[in-house]
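Mapping to my numbering: the sequence shown position 6 is 168, numbers consecutive. Have a look at the structure below, then the notes.
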Amino acid sequence: FSFWKSYKKILDFSKQIMLGIKFLHDKKLCHLDIKAENIMVNTRTSKFKIIDFGFCSKEPFTDFINDMKGTPGYFPKNFPGDHVTDWFPITKANDCVEVEGLIPMKRDYLLVYKIDSYCFGRVLNFLKHIYDDNKIYYCCNSETNKGKKLDYLINDLTEPNCWNRKTIKECLIEYFNTS
Numbered sequence: 163f164s165f166w167k168s169y170k171k172i173l174d175f176s177k178q179i180m181l182g183i184k185f186l187h188d189k190k191l192c193h194l195d196i197k198a199e200n201i202m203v204n205t206r207t208s209k210f211k212i213i214d215f216g217f218c219s220k221e222p223f224t225d226f227i228n229d230m231k232g233t234p235g236y237f238p239k240n241f242p243g244d245h246v247t248d249w250f251p252i253t254k255a256n257d258c259v260e261v262e263g264l265i266p267m268k269r270d271y272l273l274v275y276k277i278d279s280y281c282f283g284r285v286l287n288f289l290k291h292i293y294d295d296n297k298i299y300y301c302c303n304s305e306t307n308k309g310k311k312l313d314y315l316i317n318d319l320t321e322p323n324c325w326n327r328k329t330i331k332e333c334l335i336e337y338f339n340t341s
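Structure follows, in structure tokens:
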């Protein structure tokens, strides 16, 4: 908890991880298991690394679409026995909801990239709640704008409608002026 000292620190983390995810996406790969446990943190250098590529899939993602896997709490699907908390609110995403017999990814395999967006948004929601629950308030809090920015980023990444959810690249451009 002492490492996550500000919204700025969480936003810096966000940018680094999203650049890593964008690198994968540029190589036509999806990680598909972005979660806190799969991100290594070097607390001395503030560098982060994505690990565990066991669910990783290559475009056109046929293997994944035909045999979806994901970590409950992060993946955009409700699983039986999901433990719902403020950190992991109920999943309302439509990524796995059939319409006329097909889930959205079977109509457009490019939507698979947005699973990484959703999972990372859940990581950020988790971190923000931990920070909010443990932060120390001072007489003048200059973090309000960064907190709002983080809220908007989380909302864009966890948009329930997979057709409207922003990609990692779109979020990098909008929130960090990076492409």
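Quick reminder that beta carbons are idealized off the backbone N, C-alpha and C, glycines included.
Three-state secondary structure (DSSP) of residue i
i	result
Cys258	coil
Asn204	strand
Leu264	strand
Cys281	helix
Lys167	coil
Leu191	strand
Ser341	coil
Lys239	coil
Lys197	coil
Trp290	One detail in the question is off: residue 290 reads as Lys in this sequence, not Trp. If DSSP states are grouped into helix, strand and coil, Lys290 belongs with the helices.
Lys220	strand
Phe215	coil
Lys231	coil
Lys297	coil
Asp248	coil
Beta-carbon proximity of residue i to residue j, cut-off 8 Å
i	j	result
Leu186	Leu312	no
Ser219	Leu194	yes
Val274	Cys192	yes
Cys324	Pro266	yes
Lys211	Met202	yes
Cys258	Pro238	yes
Phe338	Ile183	no
Ile213	Asn200	yes
Pro222	Tyr271	yes
Val285	Lys167	no
Phe250	Gly235	yes
Ser279	Leu315	no
Lys170	Lys308	yes
Arg327	Glu321	yes
Lys268	Thr329	no
According to DSSP, residues forming a beta bridge with residue i
i	result
Phe210	Val203
Cys324	Partner(s): none; Cys324 has no beta bridge.
First through last residue of the alpha helix (DSSP H) which encompasses residue i
i	result
Glu336	330-338
Tyr271	Taken as a continuous stretch (DSSP letters only), Tyr271 belongs to no alpha helix (DSSP H), as it is neither H nor E.
Lys311	306-319
Neighbour flag for residue i against chain C, beta carbons, 8 Å
i	result
Ser219	Looking for chain C here will not work: only one protein chain is present.
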